[in-house]
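Here the structure comes first, spelled out in structure tokens, and everything after it is commentary.
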Amino acid sequence: MDKSELVQKAKLAEQAECYDDMAAAMKAVTEQGHELSNEVTNLLSVAYKNVVGARRSSWRVISSIEQKTERNEKKQQMGKEYREKIEAEL
1 MDKSELVQKA KLAEQAECYD DMAAAMKAVT EQGHELSNEV TNLLSVAYKN
51 VVGARRSSWR VISSIEQKTE RNEKKQQMGK EYREKIEAEL
């Protein structure tokens with residue numbers, strides 16, 4: 001895809017609140033090596049802000065659940081594994 005198609009795809013993904021798709025499209029734009037316009041920079045920023053924000057929120061929820069399940073080792077282990085998965089995504 002060319003730059004304009006990727007930017008359009010990112011805009012559609014933003015409207016659909018599919019920020020992972022938006023980030024992927026913007027990453028592809030940056031990898032093409034073109035100079036980034038203000039519009040592209042803003043789209044890139046919005047995409048990654050939302051992707052990271054969602055992961056941070058998930059991390060906080062799982063960490064809270066881990067603390068509440070300290071007496072149940074199996075549930076705590078499951079929480080720990082899921083938290084580590086989220087951390088790897090970040």
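Going by the UniProt record's numbering, the first residue of the sequence shown is number 1, and it counts up by one from there. Yeah, the Cβ is synthetic: ideal placement off N, Cα and C, and Gly gets one too.
### Query
Looking at C-alpha atoms only, which residue of Tyr82, Asp20, Ala16, Glu81 is the closest neighbour of Lys49?
Of all alpha-carbon atoms in Tyr82, Asp20, Ala16, Glu81, the one lying nearest the alpha-carbon of Lys49 is that of Asp20.
### Message
Just to confirm before moving on: does the CB-CB distance between Met1 and Ala10 stay below 8 Å?
### Response
No. Outside cutoff.
### Query
So what does DSSP say about Asp21, is it helix, strand or coil?
Three-state result, Asp21: helix.
### Query
Using the rule of at least 16 other Cβ atoms within 10 Å of the residue's Cβ for burial, across every protein chain shown, is Gly79 buried or exposed?
The residue in question, Gly79, is buried, as its Cβ has 16 or more Cβ neighbours within 10 Å.
### Query
What are the boundary residues of the alpha helix (DSSP H) that includes Glu87?
Where Glu87 is concerned, the enclosing alpha helix (DSSP H) starts and stops at 73-89.
### Query
So which of Ala54, Ile65, Val7, Arg60 has the shortest CA-CA distance to His34?
When only C-alpha atoms are compared, the closest one is Val7.
### Message
Quick check on this structure: which residue in Glu17, Val29, Glu14, Ile86 has the alpha carbon closest to the alpha carbon of Ile62?
### Response
The shortest Cα separation from Ile62 among Glu17, Val29, Glu14, Ile86 belongs to Ile86.
### Query
Should Ala25 and Ala16 be called a contact, given that it needs their Cβ atoms to be closer than 8 Å?
No. Outside cutoff.
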